[in-house]
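So in my numbering the end of the sequence shown lands on 750, straight run, no missing numbers.
Just so you know, even glycine gets a beta-carbon here, dropped at the ideal spot from N, CA and C.
The model shown is predicted, which means the values in this text are computed figures rather than measured ones.
A short worksheet on the structure shown next.
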Amino acid sequence: MCGIIGVISKKPVLHPIVKSLMRLEYRGYDSFGFAGFLQDDFLVKKAVGAITQVFNIDDYKAFEECNIMIAHTRWATHGGVSEVNAHPHISFDSSNCIAHNGVVTNFQDLLRGAKEVWNIVSQTDTEIAANILAEGISKKRDIIHGLSWAFSKLEGEFAIVAMLKSNSNILIGLRRKSPLIVAKMGEDIILASDELAFVEFGKQAEITYLDDNEAVICKGHELKFYRFEDDSFIEIKKDFVSKKISAEGSDLGEYSHYMIKEITEEPQVIKNIAASIEENMHGITEDLHQSQINIAGSGSAFYVSQIGQYFFGQLSARYAFTHPSDEMLNLKQFKRNDHLIAVSQSGETFDTLEVVRTAKLAGAYITSINNVRDSTSQRLANFPIFQNSGKEVCVLSTKSILSQVCCLFLLALELGYRNGEVKTDAYDVLTSEYKRLPDALEFVLRGQNELIKRIAYQNCNIEHWFFIGRGIYYPVAMESALKFKEVSYLHAEGMPAGFFKHGTISLIDDNFYTVAFIPSRFNERRLYEATLDNLYEIKARGGNIIGIGHTPITCFENGFFLDYVEVPDLNKYLNSCLQLCVGQLLAYHCAVALDRNIDRPRALAKSVTVR
């Protein structure tokens with residue numbers, strides 16, 4: 140969840156490392172800190188708050204000559220948000236200083252036997268890791284053997300960057316299940332949790348990715364890599380790849396917030412994913428045809444997976460087992476005849492990667508749908524699908540979600556055509572309708588945005604909301620409720636419309652509003668009528684309903700809806716994309732009306748790399 144960076148150079152690095160940490164802020168923004176060397180001693184300065192809001196370069200003058208530094212922007216896991224809990228942390232004997240992303244799960248056990256000796260000052264697992272590293276190097280009197288001892292003691296998943304007081308020319312990186320990338324850029328060696336950190340150091344980099352249980356020791360410009368085997372680090376060789384480094388898409392341009400900028404980019408994203416999937420389409424559908432289909436995701440990606448479940452069921456007559464990543468391994472035992480589709484914007488979502496690793500170990504094939512090229516999920520997959528949606532800066536995923544939905548639609552459609560469930564004529568019609576989706580989204584964005592904005596501003600004072608739908612619109616409602624609560628901080632609860640009367644309807648009154656995602660009257664008559672029955676039940680109890688649907692408002696009795704947003708009617712599959720877009724716009728405008736932190740909502744992080 141946190142952003143970490145370490146730099147060793149022949150020149151001072153304060154200014155680029157500060158800008159790099161600002162680029163990593165989306166990974167956590169509770170607090171931040173920097174550490175460097177000054178006169179053979181550690182210099183550490185930390186602060187509470189987001190670096191882009193509270194950083195003042197004048198407070199960091201002492202760092203201006205440092206040519207080796209580490210930095211960290213925090214999303215709190217262990218210990219409250221405070222300066223003392225912010226990273227970096229110095230070990231009890233002042234021999235090392237570390238920044239850390241992830242969780243040391245056995246930190247309490249490690250602390251129990253050494254609390255008095257270590258003189259602990261924070262509540263974090265990171266300080267414990269620094270102390271274990273100190274003990275290891277002290278016991279073994281050698282860096283690599285000390286690292287081996289420390290690594291064997293630490294349980295959990297983490298990435299660590301460390302400096303040693305005994306040698307001000309050494310930078311260390313350790314990885315266990317949490318991303319850490321190594322880059323050579325001219326005179327600079329950089330270790331970071333995200334390639335965005337490299338932008339401030341140049342336009343071209345030689346890059347390698349630490350894999351699980353690997354370490355790197357940077358001594359000046361010399362790099363040595365190690366893999367942990369049989370309780371010790373063994374030196375290995377790592378290949379580097381040359382990559383152009385760019386922050387393309389990171390500028391706001393004419394927009395007030397990244398969220399609305401990225402929603403507006405959705406029509407282009409739909410075109411991109413169709414091209415991106417083409418390379419692997421045959422191989423994926425060939426294996427899906429003879430395998431048990433599974434789809435895993437966390438948060439928004441789970442609701443995308445549920446939408447995909449409807450696609451596979453209706454288009455290819457195949458059941459796709461779908462479950463939240465954090466619970467999937469409690470229910471599913473993977474076998475060789477399984478095929479896992481792993482959905483994750485970042486490709487680093489911890490719970491989803493745990494499912495990927497387990498499935499891969501069982502011999503299952505993996506398709507990974509991600510918006511970050513060369514992410515861990517992409518590298519683990521048999522069939523990596525790079526969404527090519529452009530950089531998504533807002534912590535809330537919008538355009539990436541729509542891209543993932545379309546990816547699953549195209550896979551299910553192709554599989555249905557492959558196994559004969561979708562005939563040639565129907566395939567041609569559905570393909571043609573997919574090509575019309577960008578224009579339909581443009582209509583929503585340009586033709587209905589002001590209506591949605593008015594609805595949001597008029598009702599943003601309502602504190603409790605239900606989001607409901609039937610069929611494929613059930614996960615649409617769930618995802619829309621999640622977006623709404625994430626960014627507005629208002630209570631929003633999503634559920635199937637048919638489930639509503641089994642208890643939840645008792646909460647309906649004038650101040651508990653319902654957003655209803657309504658199927659097309661013409662394409663899904665049965666589902667449309669069933670949804671309407673549920674809405675009548677809400678109306679009968681004095682509930683206020685905001686409808687989102689494809690049927691003209693004139694088809695409903697006068698005054699039935701408090702407000703209604705009509706969107707184009709493509710087909711019963713792609714209509715879900717249009718309704719998702721409306722849900723995103725409603726959440727955005729409501730949050731703007733309430734003056735929320737749109738792109739960095741409280742307590743959230745873009746890349747969820749801890750369990």
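Where does residue i fall in DSSP's three states?
| i | result |
| --- | --- |
| Leu182 | strand |
| Ile88 | In the structure as shown, the chain begins at 140 and stops at 750. Residue 88 is therefore absent and cannot be evaluated. |
| Pro691 | coil |
| Val300 | strand |
| Asp564 | helix |
| Tyr397 | helix |
| Lys530 | coil |
| Ala344 | strand |
| Trp214 | coil |
| Thr537 | coil |
| Asn714 | helix |
| Cys545 | helix |
| Cys720 | helix |
| Thr461 | strand |
| Phe656 | strand |
| Val731 | helix |
| Gln431 | strand |
| Pro406 | helix |
| Ala331 | strand |
| Phe194 | coil |
| Lys376 | coil |
From the options, pick the residue whose C-alpha is nearest to that of residue i; which is it?
| i | options | result |
| --- | --- | --- |
| Lys358 | Ser659, Leu709 and Met302 | Met302 |
| Tyr640 | Phe623, Phe605, Arg660 and Ser627 | This sequence places Lys at residue 640; Tyr is not what is there. Checked all of Phe623, Phe605, Arg660 and Ser627; the closest Cα to Lys640 is Phe605. |
| Val180 | Val260, Phe202, Tyr168 and Ala414 | Reading off the sequence shown, one finds Asp at residue 180, where the question assumed Val. Nearest option by C-alpha distance: Phe202. |
| Leu349 | Ser332, Gly341, Glu361 and Glu339 | Ser332 |
| Ala459 | Phe451, Glu466 and Asp465 | Phe451 |
| Leu576 | Phe548, Gly312 and Arg366 | Phe548 |
| His689 | Ile677, Leu177, Asp197 and Ala655 | Ala655 |
| Phe695 | Leu671, Ile524 and Arg680 | Leu671 |
| Gly436 | Met161, Ile384, Ile540 and Pro406 | Ile540 |
| Glu425 | Tyr556, Ser645 and Arg280 | Tyr556 |
| Lys400 | Leu391, Val408 and Gln407 | Leu391 |
| Cys545 | Tyr449, Glu393, Gly252 and Val187 | Tyr449 |
| Glu531 | Asn419, Leu519, Val511 and Leu293 | Val511 |
| Phe379 | Ala481, Lys323 and Met208 | Lys323 |
| Glu353 | Ile283, Leu554, Ile685 and Ala456 | Ile283 |
Find out if the Cβ-Cβ distance for the pair residue i, residue j is shorter than 7 Å.
| i | j | result |
| --- | --- | --- |
| Ile446 | Pro635 | no |
| Asn662 | Lys711 | yes |
| Ser516 | Gly486 | yes |
| Thr497 | Leu468 | yes |
| Ser287 | Phe372 | yes |
| Ala551 | Leu479 | no |
| Ile375 | Phe364 | yes |
| Leu666 | Gly610 | yes |
| Cys625 | Pro463 | Here the sequence assigns Glu to residue 625, which means Cys is not the residue at that position. Cβ atoms of Glu625 and Pro463: not closer than 7 Å. |
| Val321 | Val355 | yes |
| Glu602 | Leu580 | no |
| Arg213 | Gly175 | no |
| Thr191 | Glu222 | no |
| Arg750 | Phe489 | yes |
| Ser148 | Asn206 | yes |
| Val220 | Ser170 | yes |
Can you give me the Cβ contacts of residue i inside the same chain, cut-off strictly under 8 Å, excluding the 5 residues immediately before and after it?
| i | result |
| --- | --- |
| Glu404 | Ser528, Gly529 and Lys538 |
| Val583 | Val706, Pro707, Leu717, Cys720, Val721 and Leu724 |
| Asp648 | Arg680, Gly681 and Gly682 |
| Gly218 | Asn224, Ser261, Gln262 and Thr263 |
Assuming the contact rule is C-beta atoms closer than 8 Å, residue i and residue j should be a hit. Round their C-beta distance to whole Å, please.
| i | j | result |
| --- | --- | --- |
| Val157 | Asp327 | About 14 Å; that fails the 8 Å criterion. |
| Ser514 | Gln526 | Actually they do not touch by this definition, with Cβ atoms about 11 Å apart. |
| Phe473 | Ala503 | 5 Å |
| Cys729 | Cys533 | About 15 Å; that fails the 8 Å criterion. |
| Phe173 | Gly241 | Going by Cβ atoms, the distance from Phe173 to Gly241 rounds to 20 Å, so no, they are not a contact pair. |
| Met140 | Thr748 | 6 Å |
| Ile692 | Tyr652 | Between Tyr652 and Ile692 the Cβ distance is about 18 Å, and since that is not below 8 Å, they are no contact. |
Give every residue of the same chain whose Cβ lies closer than 7 Å to the Cβ of residue i, excluding the five residues on either side of it in the sequence, and list them in chain order.
| i | result |
| --- | --- |
| Leu590 | Val704 |
| Thr265 | His226, His228, Ile237 and His239 |
| Leu470 | His462 |
| Ala595 | Leu725, His728, Cys729 and Ala732 |
| Leu319 | Ala298, Gly312, Leu330, Ser332 and Leu349 |
| Glu553 | Met420 and Thr424 |
Leaving out five residues on either side along the sequence, give the residues of the same chain with a beta carbon under 6 Å from the beta carbon of residue i.
| i | result |
| --- | --- |
| Tyr442 | Pro614, Met617 and Glu618 |
| Lys377 | Thr347 and Phe364 |
| Ile384 | Phe337, Val338, Lys342 and Ala344 |
| Glu274 | none |
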